[in-house]
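*Asks:*
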Amino acid sequence: MDARPDAAHRDLLIAGLGHVVVDGSPGSPCDPTPFLRVRKNRKFMGVQDDLAVVAAGRALAAAGLGSGSLGERAGLYLAVGYIPFEKADIDRLLEGSFDERGAFSMALFTTRGYGAVNPLLTFRCLSNMPAFHISVNTDLQGPYIVTYPGPGQLYLALEAAVRALAGGEVDVALVAGVNGLERAAGCVVIETEAHARARTAPAARARLADLAVSYRAHDPIEEPATGSDPPLGPAALPVALSLAAEAGETTFRHEVHARDGIDATSTWEIARA
Amino acid sequence: MRHPHRVAVTGLGAVTPIGNDVETFRRNLLAGVSGAGPITLFDPASLPTRFACEVKWTGPVLRDRKVTFALEAARQAFEQATDGSDAGPGSRPLGPGGVSLGIGLELFSIDGGILTPSDLAVHLMARRYGLEAPPLTHVSACAAGTDAIGHAFRLVASGRWRHALAGGADSMINPLGVGGFCKIGATSTRNADPTRASRPFDRARDGFVLGEGAAVLVLERLEDARARGAPVLAEIAGYGASFDAHGISEPHPEGRGAFQAMARALADAEARPEDVDCVNAHGTSTPKNDPIETLAIKRLLGERARAVPVCATKSMIGHLISAAGAVEAVAAIEGLRAGLVHPTINLEAPDPLCDLDHVAGGAARPHEQRCVLSNSFAFGGQNAAIVIVRPDDRRLPLPPGEGPGEGRDARR
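From first to last, the protein sequence lines are chains A and B.
The numbering used here runs 4 ahead of the 1-based position in the first sequence.
The numbering used here runs 166 ahead of the 1-based position in the second sequence.
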């Protein structure tokens, strides 16, 4: 049913691409500071939030949309990975929660362990916080979807974005994938041709030539689906697309046979820089 | 937006702190029964909040309470929609369809490892009911249940899906969940009086009461429901979503995002503010949400605002986080069908800033409704609203050839 290519994307332009992959090397920083409009929120940001804001900020800058308010006619279509609990935070919580015999104690957890934890940890653990930080730093007030946790769900977010653009619900869609555990995020800014013309946008970076998503229903307990997630999970597609554009490729095809049973393919025609 | 298909609700399932099926939930809801009590699921010891609205569940738990609740709610909904004709795993009595579920955080072991990923539920549901469309797992926190219904509505209304199992499930009544919300001061600390702690719109409210549970709706094309003679319980007519783009835990001071979500949902339904007969509010009982939601409703409804009942289901079941919007949609549908609006309990001294008809008094009130708005607003400023209408007497514009009064009326 959902395996057929969707014709709705033909009048859509890829206005900007951005990504961040933090591999620990000196050349892979993830500093959201240049993209923060509301700096008081910096203290709330965890790793997944930093990644999301940087990827979105870079993509919007490339699209020529980095400085203004995105407003009501822009939407966010985001897939997030598993929650990136920081070991240091967990250790701090647990440190004070074990008794002298080394056994976990609820009484100690609710006093010493609880007391040692930074309240901001709560915000950093919520799956929808990357969406908040993107919205507040771009003044994005339109609709959204936040899906979880794999690369297939990123494709469902992309489909939702295409439908929203084709249906006239939004003029600009940010399609983003964030994987806090693997320290990666990517963002694709898509807009309608009419919107691009009206704002005299920079030349489009790419077009989505085809898109297909299907599903193999399965029982994850008794009979897990075959397939495997690509590295970077929900960030895989936007990061790979962004890298392909940087490398000067003119056609990029992406294929996923994910372990959650979602199969997806997309082909992108990339303009020469 | 004119959708190609009208979307019928033909099945409901609910597992809630005041009833593990829709019938019990409705009875207690209309009677103003609170589901709050001391936490029994773990020893809350010295946490600032030591009570919650727990589901009284005695059956087996499959991996995780929220997964268990989701599966049970789906079973109930599917059974109602198919009149018990479900022929077993993988059968497709409703034809091809999909799952759209709002769900909470994955379950962790104490060392931070993932015990149960939250998307387990959608795959089990898809497998059980032969749903072939890629399942949507929504993690937009407190708005997730409404988002899940909204996106499923759009997929069915557009013709991409024939039917959907849509809803939400959550259970955060565990040390990290309760502790986390305590840590940011979000929950009520009225430990001595749990049943009176959730008091939306009341001057003495001091935070929300954490709840757990699930609800699932079967959505299908109205014409399909009619063709197979299924009772139509209600229609989902519109969905709207927005970002506040303002604060991480405080809503926009003018209720900008809340207003936009409601206005978009009405526009999606091709309805007008004057069509709204009742609002099932997000109504968390937090100091910040309730007056801002009131402000947004006033802006939306204008001079009519004080004449429209605005009730808060959370006064009885607490805040079910990712399940909240789905369970509240069931509450709204049951109220609409019964011609009753449920009370907002514990509303004894209204906050002057919450000056609408919040259905105080502790008892359900007769109120004929044709069009209900149901709101869900999340931490992080994500706002969602759906429009639910009575199937037999719709004032909203209809697709060509669709007249009022067609089809079977399942109204009691």
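A virtual CB, placed ideally from N, CA and C, is assigned to each residue, including glycine.
These numbers come from a predicted model, not from an experiment.
#1: Between Thr-282(B) and Val-553(B), what straight-line distance do the alpha-carbon atoms span, to the nearest angstrom?
#2: Helix, strand or coil for Arg-387(B) per DSSP?
#3: What residue range is occupied by the uninterrupted alpha helix (DSSP H) comprising His-199(A)?
#4: Starting from Leu-581(B), find everything on chain A with Cβ-Cβ shorter than 8 angstroms and list it in chain order.
#5: Tell me which same chain residues have a C-beta within less than 7 angstroms of the C-beta of Glu-272(B), skipping the five on either side of it?
#6: When the cut-off is 8 angstroms and only beta carbons count, does Leu-144(A) lie next to chain B?
#7: Determine the closest residue to Ala-277(A) out of Ala-164(A), Leu-40(A), Ala-107(A), Ala-66(A), with distance taken between C-alpha atoms.
#8: For chain B, is any of its Cβ atoms less than 8 angstroms away from the one on Cys-129(A)?
#9: Closer than 7 angstroms, Cβ to Cβ, to anything on chain A: give me those residues from the region 333 to 346 of chain B, in chain order.
#10: Which one or two residues does DSSP pair with Gly-316(B) in a beta bridge?
#11: Taking 8 angstroms as the threshold (beta carbon to beta carbon), is Pro-238(A) in contact with chain B?
#12: In this structure, how does DSSP classify His-261(A) when only helix, strand and coil are distinguished?
#13: Is the beta carbon of Ala-205(A) sitting closer than 8 angstroms to the one on Ala-19(A)?
#14: Please report how far the alpha carbon of Pro-419(B) lies from the alpha carbon of Gly-546(B), in whole angstroms.
#15: Name the chain A residues whose beta carbon is nearer than 9 angstroms to that of Ser-408(B)?
#16: From the DSSP output, in three-state form, read off Pro-38(A) for me.
#17: Rounding to the nearest angstrom, what Cα-Cα distance links Val-445(B) and Thr-230(A) in this structure?
#18: When you compare the CB of Pro-153(A) with every CB in chain B, is at least one pair closer than 8 angstroms?
#19: Whose Cβ in chain A lies nearer than 7 angstroms to the Cβ of Leu-237(B)?
#20: Taking its Cβ as the centre, do 16 or more other Cβ atoms sit within 10 Å of Ala-515(B), making it buried, or is it exposed?
#21: Could you tell me whether the Cβ atoms of Ala-200(A) and Ala-83(A) are closer together than 8 angstroms?
#22: Touching or not, the region 358 to 365 of chain B and the region 120 to 137 of chain A, by the rule of three or more beta carbon pairs under 8 angstroms?
#23: Look at the Cβ atom of Ala-336(B), then the Cβ atom of Ser-451(B), and state whether they are nearer than 8 angstroms.
#24: From the DSSP output, in three-state form, read off Val-442(B) for me.
#25: Going by the beta-carbon positions, is the gap between Leu-331(B) and Val-398(B) smaller than 8 angstroms?
#26: Among Gly-270(B), Val-265(B), Leu-195(B), which one has its Cα closest to the Cα of Arg-231(B)?
#27: Contact criterion: CB-CB distance below 8 angstroms. Does Val-474(B) meet it with respect to chain A?
#28: Please work out which residues of its chain come closer than 8 angstroms, Cβ to Cβ, to Ala-120(A), disregarding the five sequence neighbours upstream and downstream, and give them in chain order.
#29: Tell me which same chain residues have a C-beta within less than 6 angstroms of the C-beta of Phe-235(B), skipping the five on either side of it?
#30: Please name the residue in Thr-303(B), Ala-202(B), Pro-183(B), Ala-435(B) whose C-alpha comes closest to that of Arg-172(B).
#31: For the region 517 to 527 of chain B and the region 483 to 500 of chain B, state whether three or more C-beta atom pairs, one from each stretch, are separated by less than 8 angstroms.
#32: How long is the line joining the alpha carbons of Thr-37(A) and Ile-87(A), rounded to whole angstroms?
#33: Would you verify that the beta carbon of Pro-123(A) is, or is not, closer than 8 angstroms to some beta carbon of chain B?
#34: Exposed or buried, what is Asn-122(A) when buried is set at 16 or more other beta-carbons lying within 10 Å of its beta-carbon?
#35: For the alpha helix (DSSP H) containing Cys-348(B), name the first residue and the last one.
#36: Should Ile-225(A) be labelled buried (16 or more other beta-carbon atoms within 10 Å of its own) or exposed?
*Replies:* Result, derived from the coordinates:
#1: 33 angstroms
#2: strand
#3: 197 to 202
#4: Chain B is shown only over 167 to 578; residue 581(B) falls outside these bounds and no answer can be derived.
#5: Ile-280, Thr-282, Pro-283, Ser-284
#6: yes
#7: Ala-66(A)
#8: yes
#9: Pro-341, Gly-345, Gly-346
#10: None; Gly-316(B) has no bridge partner.
#11: no
#12: strand
#13: yes
#14: 14 angstroms
#15: Glu-76, Gln-145, Gly-146, Pro-147, Tyr-148
#16: helix
#17: 45 angstroms
#18: yes
#19: Result: empty, since nearest Cβ-Cβ is about 12 angstroms, beyond 7 angstroms.
#20: exposed
#21: no
#22: no
#23: Rather than Ala, the amino acid found at residue 336(B) in this sequence is Asp. No; because the gap between Cβ atoms is not below 8 angstroms, this pair is not in contact.
#24: coil
#25: no
#26: Gly-270(B)
#27: no
#28: Arg-96, Leu-97, Glu-99, Gly-100
#29: Val-181, Ala-335, Gly-379, Ala-380
#30: Ala-435(B)
#31: no
#32: 22 angstroms
#33: yes
#34: exposed
#35: 341 to 349
#36: exposed
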